[in-house]
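Structure record follows, encoded as C-alpha cells.
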Amino acid sequence: MRAHMSAQHPFVVRLAALPWLPAFLLAVAAGAVAALGFEPVGSIAGPVAGAALLLVLLAAQPRGRAFGLGLGFGFGQFLLGLTWIATAFTFQAAMPVWMGWVAVAGLSLFLALYPGLAAWLARRFADRLVPLTLLFAGAFTLGEIARGLLFSGFAWNPLGAGWLQLPGVAQLASLVGANGLSALAVLAGGSLAALLAARGERGRLGLVLLFPLLLLIGLGVPKIQKPLASPTETKALLVQTGVGIADKHQEGGLARNVEAALARTRLALASGLKPDLVIWPEATVEFPLEEMPDLRRELVAGFPAGAKLLTGGVAIWRDAGGTITAAANSAYLLDSTGEILARYDKSHLVPGGEYLPLRAIAEPLGLARLVPGSLDFKPGDGPVTWRFPPLPAIAPNICYEIIFPAAIVNRADRPEMIVTISNDAWFGPSGPPQHHAQARLRAIEEGLPVLRATPTGITGLIDPRGGLVETLPRGVAAHAVVAVPAPLPPTPFARLGLLSPALFALFLLASGFFLNRRKT
Numbered sequence: 001m002r003a004h005m006s007a008q009h010p011f012v013v014r015l016a017a018l019p020w021l022p023a024f025l026l027a028v029a030a031g032a033v034a035a036l037g038f039e040p041v042g043s044i045a046g047p048v049a050g051a052a053l054l055l056v057l058l059a060a061q062p063r064g065r066a067f068g069l070g071l072g073f074g075f076g077q078f079l080l081g082l083t084w085i086a087t088a089f090t091f092q093a094a095m096p097v098w099m100g101w102v103a104v105a106g107l108s109l110f111l112a113l114y115p116g117l118a119a120w121l122a123r124r125f126a127d128r129l130v131p132l133t134l135l136f137a138g139a140f141t142l143g144e145i146a147r148g149l150l151f152s153g154f155a156w157n158p159l160g161a162g163w164l165q166l167p168g169v170a171q172l173a174s175l176v177g178a179n180g181l182s183a184l185a186v187l188a189g190g191s192l193a194a195l196l197a198a199r200g201e202r203g204r205l206g207l208v209l210l211f212p213l214l215l216l217i218g219l220g221v222p223k224i225q226k227p228l229a230s231p232t233e234t235k236a237l238l239v240q241t242g243v244g245i246a247d248k249h250q251e252g253g254l255a256r257n258v259e260a261a262l263a264r265t266r267l268a269l270a271s272g273l274k275p276d277l278v279i280w281p282e283a284t285v286e287f288p289l290e291e292m293p294d295l296r297r298e299l300v301a302g303f304p305a306g307a308k309l310l311t312g313g314v315a316i317w318r319d320a321g322g323t324i325t326a327a328a329n330s331a332y333l334l335d336s337t338g339e340i341l342a343r344y345d346k347s348h349l350v351p352g353g354e355y356l357p358l359r360a361i362a363e364p365l366g367l368a369r370l371v372p373g374s375l376d377f378k379p380g381d382g383p384v385t386w387r388f389p390p391l392p393a394i395a396p397n398i399c400y401e402i403i404f405p406a407a408i409v410n411r412a413d414r415p416e417m418i419v420t421i422s423n424d425a426w427f428g429p430s431g432p433p434q435h436h437a438q439a440r441l442r443a444i445e446e447g448l449p450v451l452r453a454t455p456t457g458i459t460g461l462i463d464p465r466g467g468l469v470e471t472l473p474r475g476v477a478a479h480a481v482v483a484v485p486a487p488l489p490p491t492p493f494a495r496l497g498l499l500s501p502a503l504f505a506l507f508l509l510a511s512g513f514f515l516n517r518r519k520t
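Each step along the sequence shown adds one to the number in full-length UniProt numbering, with nothing skipped, and position 5 is 5.
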C-alpha cells in the first residue's frame, strides 16, 4: 500500500515509482549520509538529511518495503561509521587482514536490523509523514537502547552524536540521554521531509518548524547558560605516552611502554608541577603489579607526598602450581609509596577483542581475539566509586565501557568525576574521535567531568557540559596538568538512567498513534 501521494512534490512522486532495488540503494545512501554526523566529520547536517531522505522514501514506497528500506539505511550508517574495526585487523597476525572488512559488513548488517524493525513498525501503522516521523523516531530510539543492551550490547555511535556540533541541543542529553538526541535527529529530518511530503497534513506546520527551533536552541542556549562553578583544587596530570600498537608489539615493547609513561611523568614533575593525581593510559603496565612491589615503588618515585597514580594494568590469577588461570583488564590506584589502594576490573569486555565468543566453535574456523593471547579476560563486577579524600570521588572506566549510557557510574554512590583510560591506537583515524565524542555525551548525561588518558590520543579533559577544556595533540608523547572541574547536581538522566530516553520514545510513539487516527 502506497501512502497518499496527491498534491505532493514531484520528487516524492518519482520516489514512489522507484523499483525495489534503486529504492533500497537510495536508503543505503541515506544511511551513509547520516553517518556524517559521526566523527571525524561530526556534522548534524548528515543525520538530519539522511533521516529526511529515509522518511520520504518510507512515506512514498509501498508498506511492504519498509523493513528493507530501514535495513538499508542502517547498513549504510553502520558500514561507514565502523570502518575503524577493519583497521584493528591490521595489528594482528592470527587472521587475514581482509577479514576485517567481512567483520565490518557482517556487524553492520546485524545492527541494521534495529532501524529495519523501527521502519517496519512505523510504516505498519502510518501512511502519512507526520505520524510516520513520530512513530519512527520513537521506535528508532527504543532500537538504539536495545542495541546497547542485547547480545552483550554495542552502543557505539548513537545517531544523535552529531548534535555535539550544536552544544545547546547536546545539553538535552542531560534530560533524555544520547538516545533521546537520536530521536531529535530523526524529528529534525522529518521537519525537512515535511516540506516535500506532508502537504495538507495535520501537524505539518509544527513538524516543519521543529528543526529551526532546534537550531535556535543549539545556537542560543550556550549564550545564556549559567557559567560552570570554579574548578576544584585537585590537579590531575594526564599522560599520553605516544606508544602505538606496532611499537608495543615489538620485542621489549611492554617495558618501553612503561618507560615512556615514566619519562613523561618525570618530565612534568621536574618542571615543578605537583599533581594530586597522575593518570596513565589503559594497559600501560602489563606486568603483575600485585606481585611486584619494587616495580610499584619505581612507578611512583619522585611523586609529591599524598599524590596518587591511576594506571592501566593487568590483574592475574594463578593456581597452586603458579600457572595463570585468569586475567583481567584492570585499573590500579597507587599511593606515593607504591601501595595499591584500589583495583577496578573492566566489566564490559569487547567481544572478539578481550574474549572470543563461542570459542569452541570460533577457533576451529580460524577466528581469534584481536588482542594477543589465548586466555580470555575475566569481567569485573560493574561500576564502582573510589573515595580517597582529598581527591574527588572517582568512577574508573576502561576504554569501551564509556560508550554505554547509564552504565558507567554507581548510582547508589555518585562519584564527582569520571576517569576513563583507553588505548585507541588500534582504531585508525575515525575510531578515536568517535570514542571521544561518546565520552563527551557521558559527561553531559551524568553532569560529571571526564578525564581521558590514552597512549596516542585523544587525551584530555571534558567538562560536565561536554565542553573540551584540554585536548592533547594526537600521535605524540605529551602531557597536561588540569584543574578538575566541579560536578553539576545530578541530572534527570543521572537519576532515571535509560528510563529517561525510553519514556521520551514512548511519548513519541503515543503521539504518532494519536495523530495517525486523526483525519488529515
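The C-beta atom is built at its ideal place from N, Cα and C for all residues, glycine as well. Please read these numbers as outputs of a predicted model, since none were measured by experiment.
Secondary structure of residue i, DSSP reduced to three states
i, result
"Asn-345", "According to the sequence shown, residue 345 is Asp rather than Asn. DSSP places Asp-345 in strand when its eight states are reduced to three."
"Arg-217", "Before going on, a small fix: residue 217 reads as Ile here, not Arg. Looking at Ile-217 - three-state DSSP - the assignment turns out to be helix."
"Ile-408", "coil"
"Arg-452", "strand"
"Val-102", "helix"
"Gln-77", "helix"
"Ala-3", "For Ala-3, the predicted structure reports a pLDDT of 49, less than 50, and the residue's modelled location is therefore unreliable. A value from the coordinates is still provided. Correct three-state label for Ala-3: coil."
"Trp-120", "helix"
"Trp-20", "helix"
"Phe-388", "coil"
"Val-476", "coil"
"Arg-318", "strand"
"Pro-351", "strand"
"Leu-237", "strand"
"Leu-277", "strand"
"Val-482", "strand"
"Ile-402", "helix"
Bridge partners - residue i, DSSP secondary structure assignment
i, result
"Met-417", "Ile-394"
"Gly-313", "Val-285 and Ser-330"
"Gly-460", "Arg-452 and Thr-471"
"Phe-377", "Ala-327"
"Ala-261", "Beta-bridge pairing links Ala-261 to no other residue."
"Ile-245", "Beta-bridge pairing links Ile-245 to no other residue."
"Ile-340", "Leu-334"
"Lys-226", "Answer by DSSP bridge pairing: none, since Lys-226 is not bridged."
Spatial neighbours of residue i in its chain, beta-carbon cut-off 6 Å, leaving aside the 5 residues before and after
i, result
"Leu-254", "Glu-286"
"Thr-90", "Val-97"
"Leu-53", "Ala-30"
"Gly-68", "Phe-24"
"Val-482", "Ala-236, Leu-461 and Glu-470"
"Gly-72", "Phe-24, Ala-27 and Val-28"
"Ala-126", "Leu-132, Leu-135 and Asn-516"
"Val-33", "Gly-46, Ala-49 and Gly-50"
"Ser-191", "Leu-207, Val-208, Leu-210 and Phe-211"
7 Å CB neighbourhood of residue i in its chain, flanking five on each side removed
i, result
"Leu-164", "Gly-42, Ala-170, Ala-437, Arg-440 and Gly-466"
"Gly-382", "Ser-347"
"Ala-118", "Gly-70, Phe-136, Ala-139, Phe-140 and Gly-143"
"Arg-495", "none"
"Leu-187", "Thr-133, Ala-137 and Leu-210"
"Gly-168", "Ile-217, Gly-218, Leu-219, Gly-220, Val-221 and Pro-222"
"Val-258", "Thr-284 and Val-285"
"Met-99", "Phe-89"
"residue 542", "Because the chain spans 1 through 520 in this model, residue 542 falls outside it and cannot be assessed."
"Gly-447", "Ser-174, Pro-464, Pro-487, Leu-488, Pro-489, Pro-490, Thr-491 and Ala-494"
"Ala-3", "Caution is warranted here: a pLDDT of 49 is assigned to Ala-3, below 50, making its placement in the model unreliable, and the coordinate value is therefore given only provisionally. So the qualifying residues of the chain are Ala-59, Ala-60, Asp-127 and Arg-128."
Closer than 8 Å: residue i CB and nearest the ligand NAD heavy atom
i, result
"Pro-40", "Absent from the structure shown: the ligand NAD. Ligands present: none."
Residues near residue i by beta carbon distance below 8 Å, same chain, minus five either side
i, result
"Arg-296", "Leu-289, Leu-334, Gly-338, Glu-339 and Ile-340"
"Pro-473", "Gly-457"
"His-479", "Leu-237, Leu-238, Val-239, Gln-240, Arg-264, Thr-265, Leu-267, Ala-268 and Leu-472"
"Phe-507", "Gly-138"
"Ser-230", "Ala-486"
CB-CB length for residue i against residue j, believed under 8 Å
i, j, result
"Val-314", "Ser-336", "Not quite, the Cβ-Cβ distance comes to about 23 Å (not below 8 Å), so this is no contact."
For the stretch 149-162 against the stretch 177-194, do three or more pairs of beta-carbon atoms, one drawn from each stretch, fall closer than 8 Å, so that the two count as touching? yes
Three Cβ pairs or more, each shorter than 8 Å: is that satisfied between the stretch 381-401 and the stretch 332-348? yes
Can you find at least 3 beta carbon pairs, one from the stretch 19-30 and one from the stretch 81-89, that sit closer than 8 Å? no
Are there three or more Cβ pairs, one per stretch, closer than 8 Å when the stretch 73-83 is compared with the stretch 103-114? Touching, yes.
Give a yes or no on contact between the stretch 443-455 and the stretch 416-431, applying the rule of three or more CB pairs nearer than 8 Å. yes
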